[in-house]
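*Asks:*
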Amino acid sequence: MSDNQPVGLLGFDNVLFPVGDLGEAVGFYERAGFPVAARIDELGLAILKVGKETPGLLLRVEDGIVPRTPPWPSPRIWLEVPDARAKGQALAAAGIPLLSEPFSVATGWTVEITDAWGNVVGFTDYLKRPELARTD
1 MSDNQPVGLL
11 GFDNVLFPVG
21 DLGEAVGFYE
31 RAGFPVAARI
41 DELGLAILKV
51 GKETPGLLLR
61 VEDGIVPRTP
71 PWPSPRIWLE
81 VPDARAKGQA
91 LAAAGIPLLS
101 EPFSVATGWT
111 VEITDAWGNV
121 VGFTDYLKRP
131 ELARTD
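Residue 9 in my numbering is what sits at position 9 of the sequence shown, and the numbering runs on without skipping anything.
(1) Quick check: residue 127 and residue 83, are their CB atoms within less than 8 Å of each other?
(2) Could you round the C-beta distance between residue 36 and residue 48 to whole angstroms and report it? I think they count as a contact, below 8 Å.
(3) Would you call residue 4 buried or exposed, if buried means 16 or more other Cβ atoms sit within 10 Å of its Cβ?
(4) Keeping to the same chain, check which residues put their C-beta closer than 6 Å to that of residue 38; ignore five residues upstream and five downstream.
(5) What first and last residue would you give for the alpha helix (DSSP H) that runs through residue 112?
(6) Less than 8 Å between CB atoms is the rule here; does residue 12 satisfy it with respect to chain B?
Here it is in structure tokens:
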């Protein structure tokens with residue numbers, strides 16, 4: 001690296017979630033609306049698409065991880081959707097339990113789910129602040 005090289009943050013690459021069973025995890029996230037970009041079973045990896053982004057949600061099998069639910073504070077990733085309450089209805093219709101009913105936040109609404117290993121994904125909208133929402 002040269003002395004002139006910028007060292008600032010450029011954006012997200014992948015968000016990594018540890019899972020205990022790749023097939024079960026991929027099935028869960030597909031039902032939640034995540035298309036699979038790539039799956040490499042021999043490495044215990046799957047990359048799920050998030051919108052038009054090239055990076056995505058990376059699922060990686062970790063030895064010894066067991067199913068758990070998050071009654072404790074845990075890291076969360078929130079992803080923007082056009083309407084979080086409608087997303088919550090679609091998730092419930094797909095058989096995915098919600099952590100709670102959609103709740104109000106400063107910019108709109110959010111609904112959260114968790115996989116079998118306690119990884120939490122939220123879906124949030126900007127219905128209260130549409131000027132901040134993505135446009136495409």
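Idealized CB from N, CA, C, for every residue including glycine.
*Replies:* So, from the listed chains and residues:
(1) Residue numbering aside, residue 127 sits at position 127 when the sequence shown is read from its first letter. Residue numbering aside, residue 83 sits at position 83 when the sequence shown is read from its first letter. Cβ atoms of residue 127 and residue 83: closer than 8 Å.
(2) Looking up residue 36 in the sequence shown gives position 36. Looking up residue 48 in the sequence shown gives position 48. At roughly 6 Å, the Cβ-Cβ gap stays under 8 Å, so residue 36 and residue 48 are in contact.
(3) Position 4 of the sequence shown holds residue 4. Per the 10 Å Cβ criterion, exposed.
(4) Stepping through the sequence shown from its first residue, residue 38 is reached at position 38. Hits under 6 Å: 47.
(5) Residue mapping note: residue 112 aligns to position 112 of the sequence shown, counting from 1. First-last for residue 112: 109-114, but that is the beta strand (DSSP E), not the alpha helix (DSSP H).
(6) Looking for chain B here will not work: only one protein chain is present.
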